[in-house]
Amino acid sequence: MKLLLIEDNVAMQTTLQRSFERRGAQVVVCGDGSRALDRWRASVPDVVLLDLSLPGADGLSVLAAARAEGLSTPVLILTARGTVGDRVLGLNTGADDYLAKPFDLDELEARVRALARRRSPSRDATLPRAEFAGLSLDDHSDAVYLQGQPMDLTVRETALLRALLARPGQAVAKERLTELVFPGQAEVNADAIEVVVYRLRRKLQSAPVELVTLRGLGYLLRSAA
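Read in this note's numbering, the sequence shown has 146 at position 145, and its numbers run on one by one without any break.
Written as structure tokens, this is what we have:
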């Protein structure tokens, strides 16, 4: 697993780099927001650990620019800004997870490995290639296309849509979707999947499909026609 650590605090850099390298990961470090995108492109990481307070360019600007450019690497934000508003802003900008400082290193590693597993080509191998109502999924890159045009989705939104596309018109249980969207995160809030559903539903507004909630059963994808 290759990590890109974008963090300007030297002590934090050293601690995290040593911790993950002891666990077998390769860590590329960048301490300057203005150079972060270049490092991101060059290193091709499996997961990006991103601080928000950076010299040169703040973390949210780096993240927004990366997503606008089509860099879809899972991003876990590390920051001392721990308010709900900051978390929401980071997630809406394109982050996949958020951990406020100070944090436990074991929890950080668990979250990073969960993001990396979702990035792995072997994940969810039981789900077939899916195409439905103008939506299609590229199994090799995990890019989702609407009428041949790539959609701007986060890793979690892609995992959710992948599961629903595998069984269009059939309800998928909320518990099963939670396992697929938040793999390896037993402590995840039971309602966390609803946030991802809400965000995906908004991005599907222009698509000829509907993401339907079935109370007590789960969610399904159906044609809007």
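Built from N, CA and C at the ideal position, the CB exists for glycine as well.
Same chain, Cβ closer than 7 Å to residue i, five either side skipped, listed in chain order
{"i": "E176", "result": "none"}
{"i": "V182", "result": "R157, A160, L161, I194, V197"}
{"i": "R200", "result": "E158"}
Beta-carbon contacts of residue i that lie in its chain and below 6 Å, excluding the five residues immediately before and after
{"i": "A58", "result": "G34, S35"}
{"i": "K31", "result": "A small fix is needed here, since residue 31 is Cys in this sequence, not Lys. Cβ neighbours of C31 beyond the five flanking positions: I7, A37, R40."}
Exposed unless 16 or more other CB atoms sit within 10 angstroms - verdict on residue i
{"i": "D192", "result": "exposed"}
{"i": "A134", "result": "buried"}
{"i": "A126", "result": "Here the model assigns A126 a pLDDT of 40, short of 50, so the residue's position is not dependable, and the following value carries that caveat. A126 should be labelled exposed."}
{"i": "D105", "result": "exposed"}
{"i": "A167", "result": "buried"}
{"i": "D98", "result": "buried"}
{"i": "R112", "result": "buried"}
{"i": "T15", "result": "exposed"}
{"i": "L218", "result": "exposed"}
{"i": "A43", "result": "exposed"}
{"i": "P151", "result": "exposed"}
{"i": "A67", "result": "buried"}
{"i": "A81", "result": "exposed"}
First through last residue of the beta strand (DSSP E) which encompasses residue i
{"i": "S20", "result": "Run containing S20: none in the beta strand (DSSP E); it sits in the alpha helix (DSSP H), 11-23."}
{"i": "S211", "result": "Inspection of the sequence shows that residue 211 is occupied by Glu rather than by Ser. Segment 210-215, the beta strand (DSSP E) holding E211."}
{"i": "L55", "result": "Note, L55: premise wrong, no beta strand (DSSP E); not H, not E."}
{"i": "K204", "result": "Unbroken run through K204 is the alpha helix (DSSP H), 193-204; no beta strand (DSSP E)."}
{"i": "L6", "result": "3-7"}
{"i": "V76", "result": "76-80"}
{"i": "Q27", "result": "27-31"}
{"i": "S224", "result": "219-224"}
{"i": "S73", "result": "That residue, S73, is in no beta strand (DSSP E); it is neither H nor E in DSSP."}
{"i": "V189", "result": "Where V189 is concerned, there is no enclosing beta strand (DSSP E), given that its DSSP letter is neither H nor E."}
Distance between beta carbons of residue j and residue i, contact taken as under 8 Å
{"i": "L17", "j": "V48", "result": "Rounded, the Cβ-Cβ distance is 12 Å, inconsistent with contact."}
{"i": "L136", "j": "L154", "result": "11 Å between Cβ atoms; not a contact."}
{"i": "A164", "j": "M2", "result": "Wrong, their Cβ atoms sit about 24 Å apart, outside the cutoff."}
{"i": "L100", "j": "V63", "result": "L100 to V63, Cβ: 17 Å. No contact."}
{"i": "V29", "j": "L6", "result": "7 Å"}
{"i": "L50", "j": "L77", "result": "5 Å"}
{"i": "D9", "j": "P56", "result": "6 Å"}
{"i": "T94", "j": "A65", "result": "5 Å"}
Host alpha helix (DSSP H) of residue i (start-end)
{"i": "A37", "result": "34-44"}
{"i": "R163", "result": "156-166"}
{"i": "K102", "result": "Per DSSP, K102 belongs to no alpha helix (DSSP H) and is neither H nor E."}
{"i": "T179", "result": "175-182"}
Proximal residues to residue i (C-beta, below 8 Å), its chain only, five neighbours per side dropped
{"i": "L90", "result": "L61"}
{"i": "R223", "result": "P169, G170, V210, E211, V213"}
{"i": "E110", "result": "S20, F21, R24"}
{"i": "A225", "result": "A134, A208, P209, V210, E211"}
Contact test: residue i Cβ vs the ligand NAD heavy atom, cutoff 6 Å
{"i": "R36", "result": "No copy of the ligand NAD appears in this structure; indeed no ligand is present at all."}
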